[in-house]
Each structure stands twice: as structure tokens, then as C-alpha cells.
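Going by my numbering, the sequence shown opens with residue 2, and the numbers climb by one from there.
Ideal Cβ positions, reconstructed from N, Cα and C, are used throughout, including at glycine.
Inspection log for the structure reproduced underneath, given as C-alpha cells.
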Amino acid sequence: MEGSALNLIFKGNGQTSEDIIKRYLISESVYPNTKTELELFGVHVRTVKGSWFYPEHQHAIYEINWVIEGQQIFTTNGKRHEQNAGDLVLVRPGEFHTSKGGNTEPFTYLCIHFNIDDKLFLPYLTNIDPLFFKASGSLAKKMAPFLERIAKLLGHDTFGLVEKMNMQAVMFEMLGMLVMGLEELEGKRLSERTVALAYQIAEQIEQNLEGGGQLEKSNIEQIAKKMNISVSYCNQLFKKVYQMSPRKYWSFKQLNKAKALLVQKDMTIEMVADQLGYYDISHFSRQFKRWTGLAPSQFRAKHESLY
């Protein structure tokens, strides 16, 4: 409860926070302990010539691309979208995408690269494909006021603490509205208990990843045993929420971590392999190529040529 979460220490006779609260409590409303990290990368509004072309690429973070004025052709995983003013595209980590001008006229767009806890966000993005939303649709209409505020905030000459906090606040509001809109589009909502259990499984998988370990069948068995559920139910429940097996989720997270480390110029490929728990660099290189079709060195070179 509150005392243990905040590690409160009282002088005197060893009383706890719960003891004090119970003594005086009439009623209360409590928000659950939460840690949600949001990272923003290269957020920009840009006006470009109609001849604009940005080569096909992928990255280990999410992207929102919103046309403010004019027309853009945005292609995700080979699916071409004619994006006019107000149309919105959401790109998931690892999806190949490219963009170009829709005609000879200049156009203006807003681009937001962001990273947020996949355990929270990913379940809402798995059942909808492609993630392209017309301006006339309900989701784009819900998002538009927040996207306009973000575009306006980018007009500041400097970005001090106040501007950064305002940007984070608008982003969280917008992502909350995005989740609400996606739930409406799906027309169904999983029970809170189902989502909570799947979240706990994902948390255990990520702890394994942070420790640099590989995910073996025995790890899933340990997770299921810890949660007092069968292995089959563990797999079934997780797939219901995340639309992928625990093993595939682990691979998804490990691949994204590998990409994020490889684009850091101070990290050698040997160091990346070591952080991911590979004691043999050739094993890591083979696995990375199996995932992406590129060797780690080729992925790094391609990223540097784009950015």
C-alpha cells in the first residue's frame, strides 16, 4: 500500500502509514502506482517540395505522420496510402515505410517519433491493419486537436522545461485519445483481469530480456508457475491480448533493443551482442539477419546513410 510503495519512515513506535490512515479515514480514492515512460525523437513540422522523396526504412520506435496541408504518398509494408490534409498514419516498430510528394505542389506534415512501454500500448495496435485513418473518420477527428497543439508548440524558439512538460502533457492526452479511438474501432474490450495477467507475463519476459537472458520453454513454465496458471493458459491468454506468442513478443522486444543499440555509434557489434546475452557474435549476427535480412553491420550502415 502507500507506506511500502513510498518507503515512509516514521519516528517513534513503529507505526505504519496504513495504521495512521485507518485511524482517520472516512473515504478515499486511490490511483494505482504507475511508471510510464514516454520518449520523443525528432518531432517536427516540415514543409517540403512536391518532389520530396524519403527512402524506405524502419526503426524500433512508433511514428505518427499527419498531413497538415497538401498531399503525400505514404507506403507502409508495401501498402500505398494517398494522404491528404488531416489524414493520419501510425507506424509500428519494425514496419518498413517510405514517403513522397503526392503531386508537384509543396506539402506540410507533422511527424512524431516516440517510444512508450509496449506492454501498455501494443495490445491496442495488433488487430487493426493498416493503421491509416482518413480525416473524415472518427479517430482522426479525435486526434486532430492534439496534433494541432503539438504543431503549435513546435513553433517556439526555445524549448525550456515548461515547453517540454507541455509537449509531454499533450502527447499523453493524445495517446489516451488514440487508445480510446482504437477501442471503439475494434468494438470490443478484453476484461481488465485478462489484460492485467497478460501485462504481468510481458513484464516477466522483459525482466528476462533486461538480464541478458534467452527465453526458453523453461522460462515460460516458470512464469506460469509463478502466476499459478498452466503453461497452455499462459500462452493462450497472452496471445489473446498481444496477438502473438510470448516467444514472439520476446523476439520483437529483443530485435527492437538490438536496433536501438546498433544505431549508437559508441557501441561495437560485440558490445551489442553481449548486452543481448549472446556470448558468440556470429550467433547474434545470424539471428539478426534471420529477423531483418541484414547483417548488423549492414543495418548500421543503412541507418547512417539515412540519418
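May I ask which residues mark the beginning and end of the beta strand (DSSP E) holding Y110? 108-117
Can you tell me whether DSSP reads I370 as helix, strand or coil? Outside the modelled stretch of the chain, which goes from 2 to 308, sits residue 370, for which no answer is possible.
Tell me whether the segment 70-81 and the segment 97-104 touch, counting them as touching only if at least three CB pairs, one residue from each stretch, are closer than 8 Å. yes
Quick check on Q84: buried or exposed, where buried means 16 or more other Cβ atoms within 10 Å of its Cβ? buried
Three-way DSSP call (helix, strand, coil) for H230 in this model: Contrary to the premise, residue 230 reads as Ile rather than His in this sequence. Coil.
Three or more C-beta pairs below 8 Å linking the segment 143-150 and the segment 92-99: no
Pairwise C-alpha distance: K12 and S192: 43 Å
If you run the structure through DSSP and keep just helix, strand and coil, what is R81? strand
Can you look up F11 in the DSSP assignment and give me helix, strand or coil? coil
Out of Q244, F42, A170, point me to the one whose CA is closest to P124's CA. Q244
Measure how close the beta-carbons of H60 and K254 come, nearest whole angstrom, since I'm counting them as under 8 Å. Actually they are not in contact, since the Cβ atoms of H60 and K254 sit about 15 Å apart, beyond 8 Å.
At what residue ranges does the segment 25-89 contain a whole run of the beta strand (DSSP E), taking only runs of 3 or more? 39-49, 54-58, 63-70, 72-77, 80-85
Under 8 Å between C-beta atoms of F319 and E40: Given that the chain is displayed from residue 2 to residue 308, the structure contains no residue 319 and the question cannot be resolved.
According to DSSP, which residues form a beta bridge with H157? Per DSSP, none; premise fails for H157.
If contact is defined by three or more beta carbon pairs under 8 Å, each pair taking one atom from either stretch, is the segment 196-209 in contact with the segment 223-230? yes
Using a Cβ-Cβ cutoff of less than 8 Å, which residues in the same chain neighbour Y55 once the five nearest sequence positions on both sides are dropped? T99, S100, K101
Can you tell me where the alpha helix (DSSP H) holding S252 begins and where it ends? 247-263
Could you pull the start and end residues of the alpha helix (DSSP H) that S286 belongs to? 282-293
I'd like the span of the beta strand (DSSP E) that includes S100, first residue to last. 98-102
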